[in-house]
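Going by my numbering, the sequence shown opens with residue 86, and the numbers climb by one from there.
Working notes, structure below.
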Amino acid sequence: MLRNQRRQLKFQLFQLVTSALDHIDFIDSLCDFESKITQKKLADYIKNRIHPLLVENKKAVQKPGLDNTNPLWMNCCESVNHILKQAVSWKSQKLVDLIHKLHSVVQRQFKELRRTFTDTGEFVLCPDIAKFKISRDVWLNLEQKQKKLRISKNSKFISQNWTLSAAQMDKKC
Numbered sequence: 086m087l088r089n090q091r092r093q094l095k096f097q098l099f100q101l102v103t104s105a106l107d108h109i110d111f112i113d114s115l116c117d118f119e120s121k122i123t124q125k126k127l128a129d130y131i132k133n134r135i136h137p138l139l140v141e142n143k144k145a146v147q148k149p150g151l152d153n154t155n156p157l158w159m160n161c162c163e164s165v166n167h168i169l170k171q172a173v174s175w176k177s178q179k180l181v182d183l184i185h186k187l188h189s190v191v192q193r194q195f196k197e198l199r200r201t202f203t204d205t206g207e208f209v210l211c212p213d214i215a216k217f218k219i220s221r222d223v224w225l226n227l228e229q230k231q232k233k234l235r236i237s238k239n240s241k242f243i244s245q246n247w248t249l250s251a252a253q254m255d256k257k258c
């Protein structure tokens, strides 16, 4: 393996570890990463050596008592507008940079939605849509296509049937 390829591989692994919101997201990303490795020897090394080390280290960081949350992404803000302003540090941005930051915010919101469906996030589904909840074990055993399809169907149903204002939603839930 060339030096540049090793550097790229390390960078991708680092991105995977630092961008995961929770253990399920981390495992999903790690499995995706492993599936993209084409060299059998390297794939075996990552699966048998690197994967267990990353999982063990990720668990060690998430032990109770350690403050490992980023409050910006834990819905402590009053509104989506505030989240967006925080993402851009309340400053004007170049259009391309702004688009990348907005994309990142939206991706995190989708991850939080997925965490809610798998009952691992800090939010709880209302009784009317609790039927969409899926257990963590079942979620981990689904393939990526199945996961995306499930989230897409759930999101589509909810958006079609739950067009309530925030005040109405609070009363209903």
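We put the CB at the ideal spot given by N, CA and C, even for glycine.
For residue i, tell me which candidate among the options has the shortest Cα-Cα distance.
i    : options          : result
F71  : E207, Q194, K241 : One cannot answer for residue 71 here, as it falls past the ends of the chain, which runs 86 to 258.
I112 : N142, Q93, Y130  : N142
Rounding to the nearest angstrom, what Cα-Cα distance links residue i and residue j in this structure?
i    : j    : result
L127 : K170 : 42 Å
I135 : S189 : 27 Å
K194 : F208 : Inspection of the sequence shows that residue 194 is occupied by Gln rather than by Lys. Cα-Cα distance, rounded: 12 Å.
R199 : I168 : 19 Å
Q229 : C116 : 9 Å
D110 : V102 : 10 Å
I122 : R235 : 26 Å
D152 : L180 : Here D152 scores only 47 on pLDDT, less than 50, and its place in the model should not be relied on; the value that follows carries that caveat. Straight-line Cα distance between these residues: approximately 34 Å.
S114 : A105 : 8 Å
M233 : L227 : According to the sequence provided, residue 233 is Lys. The question's Met does not apply to it. If I take the Cα positions, the gap works out to 10 Å.
R88  : Q124 : 16 Å
Q100 : D129 : 21 Å
Q93  : I219 : 35 Å
L210 : D182 : 34 Å
H108 : P137 : 13 Å
V191 : P212 : 25 Å
Return the chain-ordered list of same chain residues with a C-beta closer than 6 Å to the C-beta of residue i, the five sequence neighbours on each side being excluded.
i    : result
K186 : A172, V173
Q178 : none
Could you tell me if residue i is buried or exposed, where buried requires 16 or more neighbouring beta carbons within 10 angstroms of its beta carbon?
i    : result
R91  : exposed
N166 : exposed
N239 : buried
K95  : exposed
L139 : buried
N155 : In this prediction, N155 has a pLDDT of 44, which is less than 50 and means its spatial position is unreliable; nothing more can be read from the coordinates.
Report all residues from its chain with a CB closer than 8 Å to the CB of residue i; omit the five preceding and five following residues, and keep chain order.
i    : result
I243 : I214, F217
S237 : none
L98  : F118, I135, L139
K176 : none
Considering only heavy atoms of the ligand FAD, does any lie closer than 7 Å to the CB of residue i?
i   : result
N89 : Of the ligands one can find in the structure shown there are none, so the ligand FAD has no counterpart to examine.
With a CB to CB cut of under 7 Å and the five nearest residues on each side skipped, what residues in its chain are close to residue i?
i    : result
K132 : E119
Q231 : none
message: So, does the region 221 to 233 touch the region 194 to 209, judging by three or more C-beta pairs under 8 Å?
response: Cβ pair count under 8 Å is three or more, so yes.
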